[in-house]
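Visitor: Mind having a look at this structure? Questions to follow.
In the numbering used here, the protein residues as written are 836 to 1002.
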């Protein structure tokens, strides 16, 4: 009889410890970088537009004359079959999106942080009998991955900006 309260207490404590961790935050919640503007070098147009859409309301402009450059070293998509059905057709897909970036001082070309990796992964059901719906769902998942990566990039950029401002 005394095991149930101990398990409950342990579960509550574990939950509190997880939420108290400094790295934990709600998805979509971003910190504001302490830059007035940044330049994005490299990366796809879709990444640029998504980043600009999220930075502008935070008061950070994205243009080509900023003293700070976000250099996209690598941006990679990977799509693989995660499961097959009884006929050997694709039943589930796995989408990977990876971004490697570094903050650069425009004047000196000196890196202001080491290269940072951001990875995101999503699985989606694939319906070979309804390819249109499957491709629409895949496109929605890809946008979700872009949004996730951009939120995480902005948070990492905010951390980097605080370190730059301290130096």
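Even for Gly, the Cβ is constructed at its ideal location relative to N, Cα and C.
Apart from the five residues on each side of it in sequence, which residues of its chain come closer than 6 Å, Cβ to Cβ, to residue 887?
Guide: Here the set comprises 897.
Visitor: Is it right to say residue 985 is buried, meaning 16 or more other beta carbons lie within 10 angstroms of its own, or is it exposed?
Guide: Classification for residue 985: buried.
Visitor: Would you identify the three-state DSSP class for residue 967, choosing helix, strand or coil?
Guide: In the structure shown, residue 967 sits in a helix (DSSP, three-state: H, G or I).
Visitor: If I'm right that residue 959 touches residue 927 with Cβ under 8 Å, what's the distance once you round it to whole angstroms?
Guide: 7 Å between Cβ atoms; contact.
Visitor: Quick check on the burial criterion: 16 or more other C-beta atoms within 10 angstroms. Buried or exposed for residue 845?
Guide: Result: exposed.
Visitor: Given a threshold of 16 other Cβ atoms within 10 Å of its Cβ, counted over all protein chains shown, does residue 991 qualify as buried or as exposed?
Guide: Answer is buried; the Cβ neighbour count reaches 16.
Visitor: Quick one: Cα of residue 972 to Cα of residue 982, how far?
Guide: Answer to the nearest angstrom: the Cα atoms are 15 Å apart.
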